[in-house]
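My numbering numbers the first residue of the sequence shown as 141 and each following residue consecutively. Some notes on the structure that comes next.
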Amino acid sequence: MKYYLTIIIAILLMLLGSRPLHAADSNLAPDSAQELRNAARNLLPSTALDNDLERLLRTWHKGYSTKTKRGAVPCTDADVSPHTSDTVYLKRLSALPTAIPMQFNPAVKQCIKLYTEERRRLVRYMLSLADLYFPLIEETLDRHNLPIELKYLTIVESALNPTAVSPAGAAGIWQFMLATGKIYGLTINSLVDERLDIQKSTEAACRYFKDMYNIYHDWLLCIAAYNCGLGNVNKAIRQSGGKTDFWQIYPYLPRETRNYIPLFIGAYYAMHYHVEHRICAGEVGVPLATDTIMLTQQVSFDRIRQLTNVSQDE
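This is the structure in structure tokens:
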């Protein structure tokens, strides 16, 4: 892999020269210009490298992805969810590995059924995306000593779409509003919107959760504040007579927030127990081996095509 990255950097250094290469070619003898072009082509990695990477990724996907029930029991897909009793729901919720209390009630049951019955196709899609995005989110949450299950908020917020933009202007996988994003260190201007950067927006979300937990010392209230803001949660606490339990201040919260916590629990349940409800992840599309480099001057795709002998569409 290091050898491959070295090759990529070498190619891009050639592309980022102070003058376009076709201008430089005119100052070279014909043989030298041809040698330069040949050298650029010879620097290209073999297609075997992409094939090897694809095989590795497919092996990883078969061995570790959510296509199997926690890596053990094969998943059998179906269009209809099997009947599940309230007793089973309660037992499964109590068995979830979580530091956040997962209470079962009619609102939670309705949201569980929403994901496991009405939104089965969406859950299949999100299971595939989770294989791509959850490892990065989990690593960041763990580094901040936060509950790993907070990652399921991204399902409620954006359905794991890192470029999602709501009608209210919230953006990214964590759906930050512009003002909140800036408060927590995200750069947002006419050229850059770091709310769409998964790593940076996750860091910002972690800082927000830590601030809220230092205030409430209750994870459900932190999640509620993430949805409706500190002011609305404080107002609900006052109206409830000073209670600090989410379900006790539930009637005093905005309607959207009253649904938000049950949706979070329902999303966690559906993603964890998808096999029991016969919902299997789809295949993850395997990309070509790529790297990202910031350019400091304009380079046309036509020129890159000439140098690399790769089609412009590709």
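Glycine included, C-beta positions come from ideal geometry on N, C-alpha and C. Please read these numbers as outputs of a predicted model, since none were measured by experiment.
Requested in this report: Would you verify that the beta carbon of residue 270 is, or is not, closer than 8 angstroms to some beta carbon of chain D?
Outcome: This model lacks chain D altogether; it includes just one protein chain.
Query - For residue 242, the nearest candidate out of 253, 230, 250 (CA to CA) - result: Comparing Cα positions, the closest option is 230.
Requested in this report: Assign residue 414 to one of two classes, buried (16 or more other C-beta atoms within 10 Å of its C-beta) or exposed (fewer than that).
Outcome: The residue in question, residue 414, is buried, as its Cβ has 16 or more Cβ neighbours within 10 Å.
Report task. Assign residue 352 to buried or exposed, taking buried as 16 or more other Cβ atoms, counted over all protein chains shown, within 10 Å of its Cβ. Result -> The residue in question, residue 352, is buried, as its Cβ has 16 or more Cβ neighbours within 10 Å.
Query - Of the listed residues 245, 395, 312, nearest to residue 225 (C-alpha basis) - result: Of the candidates 245, 395, 312, the residue whose Cα lies closest to the Cα of residue 225 is 245.
Query raised in the report: In angstroms, rounded to a whole number, what distance separates the CA positions of residue 167 and residue 448?
Result: Model confidence at residue 167 stands at a pLDDT of 45, short of 50, so the residue's coordinates are unreliable; what they give is reported in the following sentence. Going from the Cα of residue 167 to the Cα of residue 448 covers about 21 angstroms.
Requested in this report: Assign residue 280 to one of two classes, buried (16 or more other C-beta atoms within 10 Å of its C-beta) or exposed (fewer than that).
Outcome: Of the other Cβ atoms in all chains shown, 16 or more fall within 10 Å of the Cβ of residue 280; this residue is therefore buried.
Query raised in the report: Roughly how far, in whole angstroms, is the beta-carbon of residue 313 from the beta-carbon of residue 330, given that I think they are within contact range, below 8 angstroms?
Result: Residue 313 to residue 330, Cβ: 21 angstroms. No contact.
Query raised in the report: Taking three-plus beta-carbon pairs below 8 angstroms as touching, is the segment 249 to 258 in contact with the segment 394 to 413?
Result: Touching, yes, given that three or more Cβ pairs across the two stretches are closer than 8 angstroms.
Query - residue 347 versus residue 444: straight-line alpha-carbon distance, rounded - result: Residue 347 and residue 444 have their C-alpha atoms some 41 angstroms from each other.
Query raised in the report: Less than 8 angstroms separating the beta-carbons of residue 306 and residue 326?
Result: No, the Cβ-Cβ distance between residue 306 and residue 326 is not below 8 angstroms.
Query raised in the report: With a Cβ-Cβ cutoff of 8 angstroms, do residue 418 and residue 218 count as a contact?
Result: Yes.
Query raised in the report: Per DSSP, what kind of secondary structure is residue 332 in: helix, strand or coil?
Result: In the displayed model, residue 332 falls within coil according to three-state DSSP, outside both helix and strand.
Query raised in the report: Relative to the alpha-carbon of residue 371, which residue among 392, 388, 271, 402 has its alpha-carbon at the smallest distance?
Result: Check the Cα spacing between residue 371 and each of 392, 388, 271, 402: the tightest is with 392.
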